[in-house]
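Inspection log for the structure reproduced underneath, given as structure tokens.
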Amino acid sequence: MSAVWSRLGVARIVNAKGPATRLSGPPLHPQVAAAMAEAAQSCVDMLALQARASEIITGHTGAEAALVTSGAAAGLLLGAAACATGLDPAAMARLPEIAPGGRCEVVMVRSQRNQYDHALRTAGLRIVEVGLPDRFAGAGCRDAEPWEIAAAISAQTACVHYVADARARPPLEAVIEVAHRHGVPVLVDAAAQLPPRANLRRFVAAGADLVAFSGGKAIGGPQASGILCGRRDLIAAAALQLLDMDYPDGLFAPPPAFIDAAELPGLPPHGIGRPCKVGKEQIAGLLVALERFAAGDEAAEHATRVALLERLAAGLEGLPADLELRRDLPVPLLALTPHAFDAGVLVRRLAATAPPVHVDPEETDQGRVLLNPMCLLPEDEAILVERLRAALQP
Ligand SMILES: *Cc1c(COP(=O)(O)O)cnc(C)c1O
624 MSAVWSRLGV
634 ARIVNAKGPA
644 TRLSGPPLHP
654 QVAAAMAEAA
664 QSCVDMLALQ
674 ARASEIITGH
684 TGAEAALVTS
694 GAAAGLLLGA
704 AACATGLDPA
714 AMARLPEIAP
724 GGRCEVVMVR
734 SQRNQYDHAL
744 RTAGLRIVEV
754 GLPDRFAGAG
764 CRDAEPWEIA
774 AAISAQTACV
784 HYVADARARP
794 PLEAVIEVAH
804 RHGVPVLVDA
814 AAQLPPRANL
824 RRFVAAGADL
834 VAFSGGKAIG
844 GPQASGILCG
854 RRDLIAAAAL
864 QLLDMDYPDG
874 LFAPPPAFID
884 AAELPGLPPH
894 GIGRPCKVGK
904 EQIAGLLVAL
914 ERFAAGDEAA
924 EHATRVALLE
934 RLAAGLEGLP
944 ADLELRRDLP
954 VPLLALTPHA
964 FDAGVLVRRL
974 AATAPPVHVD
984 PEETDQGRVL
994 LNPMCLLPED
1004 EAILVERLRA
1014 ALQP
């Protein structure tokens, strides 16, 4: 299974961190890998493939249209570009420059700023921050208010950007209400909001105009895949800025439900999304992964993961560490607090073994290491217990 890595001379890792990009995303189910291998062996018209992908994804999301992207961050770039240009090919051709008086700003709550908003700036937009995150500073209980978002919206606003998370403020519904009242679309980063599977529909149902998901996280698709779904006109604008537009006269004939060519004064050239190219293999793999994710038995999956963590915990008994099994999250986690040394030392010791073992370091500053079951292979269980037992010796 890891023969390709030994041929290349690269270590296969034990991934107890979960589907992080740094650690190559999730291992693919054989059906997903098979679809990718099959897709790789003959050619297809990419516009027709994306149009069909749109139909399949809308069936799972309830959106009007959808696009397979090379990741959620690519979806944010394309979504921001679509909000800035609409279906105007001249505006598309100009990006990342935006003509004076054009929609060059994205309004965003300050406490939601994060590394991925680079994607919005890459599309040419300037981020206008609102709100003062008192709660995070421990200096008060407030965050941004809907009226602050309203006050920041102007004729230059391309969209309001919202990073979905249980702690995100204000609530999405309130942000959508205020943005729509001012005629501005809302672009939601829902990259890591799956599971639960219900979230495939939740943000669209709440009225979000565009929603970006990662394909290479819980959906279990290829690492470099994602979904952008939402309003038909915005998805059409995003698709036009992603696809190879080298069409000879008369050959550009998308299904009108995906891109209505009659709405366009002419074809734009290659767009700002061209460097986020998506391969036919990614699309074929993602669609199989999405079908599997949508049809999966969430409760059974959760129970399987809890059972795996229970076996790990049993294997670690008697060691100088506290164990805490967190069962009630969308994804259960096993938290491990070493007694004798800093959690960061444990993270580094594990990464230095062969095969390297990677854990979730998110809570090392609180003295804990987290074990995430999502990317563990059956053979990893015994390795993980053995390495943890060795690494936890003082
Ligand atoms: C993972 C993540 C992204 C990026 O997703 P990719 O699919 O890797 O591009 C963006 N935003 C958030 C909040 C994420 O967790």
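Residue numbers (our numbering): 624 to 1017. Positions of the beta carbon are idealized from the N, C-alpha and C atoms, including for glycine. Since this is a predicted model, take the numbers as computed values, not measurements.
- Below 8 Å, too few C-beta pairs join the stretch 827-843 and the stretch 756-765 to call them touching: fewer than three.
- As far as DSSP is concerned, residue 954 takes part in no beta bridge.
- A check of alpha carbon separations from residue 649 across 941, 837, 886, 857 identifies 837 as the nearest.
- Proximity to residue 752 across 769, 664, 764, 746 peaks at 769, based on C-alpha coordinates.
- Judged by DSSP in its simplified three-state form, residue 740 adopts helix.
- Judged by DSSP in its simplified three-state form, residue 852 adopts strand.
- Beta-bridge partners assigned by DSSP to residue 773: none are found.
- In this structure residue 633 is exposed. Its beta-carbon is surrounded by fewer than 16 other beta-carbon atoms within 10 angstroms.
- The beta carbon of residue 625 is closer than 8 Å to those of 635 in its chain, skipping five residues each way along the sequence.
- The alpha-carbon separation between residue 992 and residue 945 amounts to approximately 10 Å.
- Around the CB of residue 645, fewer than 16 other CB atoms lie within 10 Å, so the residue is classed as exposed.
- Two segments are said to touch when three or more pairs of C-beta atoms, one from each, lie closer than 8 Å; by this definition the stretch 668-678 touches the stretch 865-878.
- In the three-state scheme derived from DSSP, where H, G and I count as helix and E and B as strand, residue 715 is classed as helix.
- About 11 Å separates the beta carbon of residue 852 from that of residue 701, a gap too long to meet the 8 Å contact definition.
- Cβ neighbours of residue 765 within its own chain (closer than 6 Å, five residues either side excluded): 757.
- Burial is judged here by how many other beta carbons sit within 10 angstroms of a residue's own beta carbon; residue 748 has at least 16 and is buried.
- Annotation note: the stretch 655-732 contains the following uninterrupted beta strand (DSSP E) runs of length 3 or greater, listed N- to C-terminal: 688-692, 728-732.
- In this structure the stretch 700-719 touches the stretch 860-875; the number of beta carbon pairs closer than 8 Å is three or more.
- Relative to ligand 1, the nearest heavy atom lies less than 7 Å away from the CB of residue 694.
- In the DSSP secondary-structure assignment, residue 998 is not bridged to any residue.
- In the DSSP assignment, residue 971 falls within the unbroken alpha helix (DSSP H) covering 966-974.
- In this chain, the beta strand (DSSP E) harbouring residue 784 covers 780-786.
- The beta carbon of residue 691 is closer than 6 Å to those of 676, 901, 906, 909 in its chain, skipping five residues each way along the sequence.
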